[in-house]
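Numbering (the numbering used here), first residue to last: 886 to 1323. From the three backbone atoms N, C-alpha and C, an ideal C-beta is built for every residue, glycine too.
Written out as structure tokens, the structure is:
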């Protein structure tokens, strides 16, 4: 209940910061009335700008904001609201141009007044930001380059939009209204300063040292880290952190990875297992013992703890990482509740943690079901992909009494969530972790 109330509270705060500045424009000295379409266009323009500014706060990683929802939910909400804000911002001039075609001359950067140029710059930057986010893979943009460009375009879009709004000033005749929007704009800028300067400064003072870089099956490595000069932090199994290697926390780009170690390990001891998926991850094998790294965490609501009669873990590929943290933690706690792990892999040799899972079956009431997409000729186990029929073969009824955790490639997770729906498992009973923060 605590998380539900907190989540609802923050949703109300979010709506307040969007709607309150708009409602304030209706009080005090009002300008001369205009036609409906002009007023409607102005209203959605103000709303779009307010939403754009608040997007900075959504990605600031304030733990008291992210804890009720989970970091991945916040980022997906950020993405949806960004698309909504973009639609509002684009609709603002389109409505005016359709209603008053004579205003199209404002698109001419040579003849248009400066206030219109700032509006154009804000809109073009926002469109570029959305296009690069939606089609990053198709455009073959490295994550690091996309992230840096994303931040620059966001600052340009918001800054230019603010200049346009204040420069036009139709509804900002009263000094207090102008001060309200200038103060709101300053608040957005302070959020950026906090995210890019103040928070990294705190992380810089709490480094970690790599004490082991262990090679795992499946072209993966486990970084074993301990705090350097501080006590570190505690985490719950299934959570993750943003990792920075070969640089400082002031670097624009960090990378999110789940903890694979037990939450019952000595405080500060942290392990993260990373599979080679290209770009940054392909270099993890080269991290040397003694290397200084930085962790921003823990984050995430993808954690065990509910009093279900059974945990059903569904992992695909590197999605086994948070599941290992859960299993190791349960084993260290002596938890005897039954656990089923449905683990999809390419082939027998690429199963990360294969030997340790066999050992954990002896320490826990654990049943591991390997599902191979490319099995050898002598493989007698499950083949293909995890689907509803496989669930029916290995998960006992009633399905709705168990707690489900799903992590892996998006297509697999989509299929599993659909399967659980077919099995009439309530959405409150299953949890998904998606690391798509683009």
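Buried versus exposed, by CB contacts within 10 Å (16 or more), residue i
i, result
"residue 919", "exposed"
"residue 1146", "buried"
"residue 1325", "A query on residue 1325 cannot be resolved here, the shown segment of the chain reaching from 886 to 1323 and no further."
"residue 1259", "exposed"
"residue 1050", "buried"
"residue 1114", "exposed"
"residue 1224", "buried"
"residue 1317", "buried"
"residue 1100", "exposed"
"residue 1082", "exposed"
"residue 1171", "exposed"
"residue 1269", "exposed"
"residue 1133", "exposed"
"residue 1043", "buried"
"residue 1015", "buried"
"residue 988", "exposed"
"residue 894", "exposed"
"residue 1167", "exposed"
Integer-rounded CB distance, given that residue j should sit under 8 Å from residue i
i, j, result
"residue 1105", "residue 1199", "Rounded, the Cβ-Cβ distance is 19 Å, inconsistent with contact."
"residue 1194", "residue 1222", "7 Å"
"residue 1184", "residue 1142", "Residue 1184 to residue 1142, Cβ: 11 Å. No contact."
"residue 974", "residue 933", "4 Å"
"residue 1108", "residue 1169", "7 Å"
"residue 1102", "residue 1248", "Actually they are not in contact, since the Cβ atoms of residue 1102 and residue 1248 sit about 20 Å apart, beyond 8 Å."
Distance, residue j Cα to residue i Cα
i, j, result
"residue 1302", "residue 1201", "14 Å"
"residue 914", "residue 1030", "46 Å"
"residue 1008", "residue 1084", "30 Å"
"residue 1118", "residue 1135", "21 Å"
"residue 985", "residue 972", "20 Å"
"residue 1026", "residue 1138", "14 Å"
"residue 887", "residue 1313", "Legend: pLDDT at residue 887 = 43, less than 50; position of this residue unreliable, no value from coordinates given."
"residue 1064", "residue 902", "15 Å"
"residue 1154", "residue 1112", "7 Å"
"residue 981", "residue 935", "20 Å"
"residue 1292", "residue 1068", "42 Å"
"residue 905", "residue 899", "10 Å"
"residue 1276", "residue 1257", "15 Å"
"residue 1010", "residue 1181", "29 Å"
"residue 1323", "residue 1128", "Reliability of the predicted coordinates at residue 1323 is poor, the pLDDT of 47 falling under 50, and the value obtained from them is presented with this limitation in mind. Near 16 Å, if we compare the C-alpha coordinates of residue 1128 and residue 1323."
"residue 1298", "residue 1227", "12 Å"
"residue 909", "residue 1304", "48 Å"
"residue 923", "residue 1122", "53 Å"
"residue 927", "residue 921", "10 Å"
Residues sharing a beta bridge with residue i, DSSP
i, result
"residue 1031", "In DSSP, residue 1031 forms no bridge with anything."
"residue 1221", "DSSP lists no partner for residue 1221."
"residue 1226", "1198 and 1253"
"residue 1141", "1127"
"residue 1106", "1100 and 1159"
"residue 1177", "1094"
Next on the checklist: Any contact between the region 1209 to 1222 and the region 1277 to 1288? By contact I mean 3 or more CB pairs, one from each, below 8 Å.
Outcome noted: Fewer than three beta-carbon pairs drawn from the region 1209 to 1222 and the region 1277 to 1288 are found closer than 8 Å, and the two stretches are therefore not classed as touching.
Next on the checklist: Quick check: the region 938 to 945 against the region 1062 to 1076, are at least 3 beta-carbon pairs closer than 8 Å?
Outcome noted: With contact defined as three or more Cβ pairs closer than 8 Å, the region 1062 to 1076 and the region 938 to 945 are in contact.
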